[in-house]
Amino acid sequence: MIYLGEQKEALNKYYSVVTCWVKSKQLGRKKASNPNGYKCSNLSCSVCTRDLKRIEGHDRFFAFIIPKLEGIIKVKPDKMLQLELDLRVEWWDNINHNLIEFNDGCSEVFKEKGYGGWFTDAKGLNYDLAEWLDQHTCTFCNRQYIFTARKNAGEKGMTCQFDHWFDKGTRPLFALSFYNLIPSCSVCNSSVKSVAHFNTDEYLHPYLDKDISSRFKFSSIANTATQYGITFLNEDKMDAKTKRTLDGLGTKLVYSKHSEKELKDLIDLRMKYSENYLKNLLENTFKGDLTMTKEEKYRLIFGIELSEDNMHKRPFSKFKKDIIEELLRIK
0 MIYLGEQKEA LNKYYSVVTC WVKSKQLGRK KASNPNGYKC SNLSCSVCTR
50 DLKRIEGHDR FFAFIIPKLE GIIKVKPDKM LQLELDLRVE WWDNINHNLI
100 EFNDGCSEVF KEKGYGGWFT DAKGLNYDLA EWLDQHTCTF CNRQYIFTAR
150 KNAGEKGMTC QFDHWFDKGT RPLFALSFYN LIPSCSVCNS SVKSVAHFNT
200 DEYLHPYLDK DISSRFKFSS IANTATQYGI TFLNEDKMDA KTKRTLDGLG
250 TKLVYSKHSE KELKDLIDLR MKYSENYLKN LLENTFKGDL TMTKEEKYRL
300 IFGIELSEDN MHKRPFSKFK KDIIEELLRI K
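In numbering that gives the first Met the number 0, the protein residues as written are 0 to 330.
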């Protein structure tokens, strides 16, 4: 898993657009036939330039939720469950001693119409958010690129999927919350993590844990004289939170098929050639007038990034960095 940072600029852009959408779904678009509708002052707003119709039947829910919208959209992952509890208690005490109306509002507004409709529609916010975040590989596995590219005239082309850290089926209140949307590849989102119930007490979170990449190291293990497998260095000493996260994301599983490809290539460089070949490759490939940093050498020779801040830019950066370091230690 890769640390995503706070992404404050992306957060503010995202919140602005979500605010316009929620208020437009409460009031409808402001126009001659709907003078009490909503329209922001931004003439190029991607929401307010569309003819959006209001969602009927949730007047009390909108009146309750809109003053709290900033908190819902911007809430940090470790504060989400407490916020949900606080809102449910406030609704019960002051609005209605029946949470069905609150739950229905969360499901229809945030999950069904919000994420399931608007966020991923023909002019989907998912493309905008992916571009604002500017993450190049899957947050969970760092194996696949998740570039965003649009067709002509801004039509959909390709982009990442967004995993809901707190499953939107059981936590619809956070279906559009910024820090609950994790840019990922289809394998990690749909197959590996899917609807697994993660939390922030027992699992590492890519928006909270800055030291994610340094809490574990990939390692190789000899299965036979000629075949190697992928494991983790000192796994028996790994802290419970890190181990639980790696298990939950199926990290060892999704990397297992790379033992005969990326892992084998690196081991061959070390084992099939002279003892110092890998070291010489790094130290002597670019000599002469070229002055190159260690990061530049690794990028050009192995196609990876060394800096944790840049690992998302190249697939397998974390994996190859760890394996190369391990191979260089072999005497």
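For each residue, glycine too, the CB sits at the ideal point set by N, CA and C.
Measuring CA to CA, which of the options is closest to residue i?
i	options	result
I322	I266, G168 and R149	I266
L299	L280, D308, K12 and Y144	L280
Y14	M79, E234 and L175	L175
L124	N93, W20 and P314	W20
E69	S213, S106, K12 and L203	K12
H135	E89, A239 and R313	R313
V16	A31, N35, S43 and P34	S43
A129	S106, R87 and D162	D162
L172	C105, M291, W131 and N93	C105
K155	E295, D208, D127 and W131	D127
Distance check for residue j and residue i, CA to CA, integer angstroms please.
i	j	result
N198	E83	14 angstroms
E201	T244	8 angstroms
E307	D133	15 angstroms
F285	K293	11 angstroms
K38	Y178	26 angstroms
T241	H57	42 angstroms
V253	Y276	29 angstroms
N141	L305	13 angstroms
Y206	F109	21 angstroms
S212	D246	15 angstroms
E89	E107	20 angstroms
Let me confirm a value: residue i is counted as buried when at least 16 other C-beta atoms fall within 10 Å, else exposed. Which label applies?
i	result
S189	exposed
G27	buried
V46	buried
A62	exposed
R149	exposed
V191	buried
R328	exposed
H204	buried
Give every residue of the same chain whose Cβ lies closer than 8 angstroms to the Cβ of residue i, excluding the five residues on either side of it in the sequence, and list them in chain order.
i	result
L232	F215, K216, F217, S218, D321 and E325
To which residues of the same chain is residue i closer than 6 angstroms at the C-beta, ignoring the five residues directly before and after it?
i	result
K319	F301 and I303
K22	Y37
G228	I220, N222 and S258
Enumerate in chain order the residues of its own chain whose CB-to-CB distance from residue i is below 7 angstroms, with the five nearest sequence positions on each side excluded.
i	result
S316	N141, I303, E304 and M310
M237	F215 and F231
K209	Y2
Below 8 angstroms on the Cβ atoms is my contact criterion, and I expect residue i with residue j to pass it. Report the Cβ-Cβ distance as a whole number of Å.
i	j	result
K112	K24	7 angstroms
Would you please verify whether the beta carbon of residue i is less than 8 angstroms from any beta carbon of chain B?
i	result
L327	Considering every chain present, this structure includes no chain B. It has just one protein chain.
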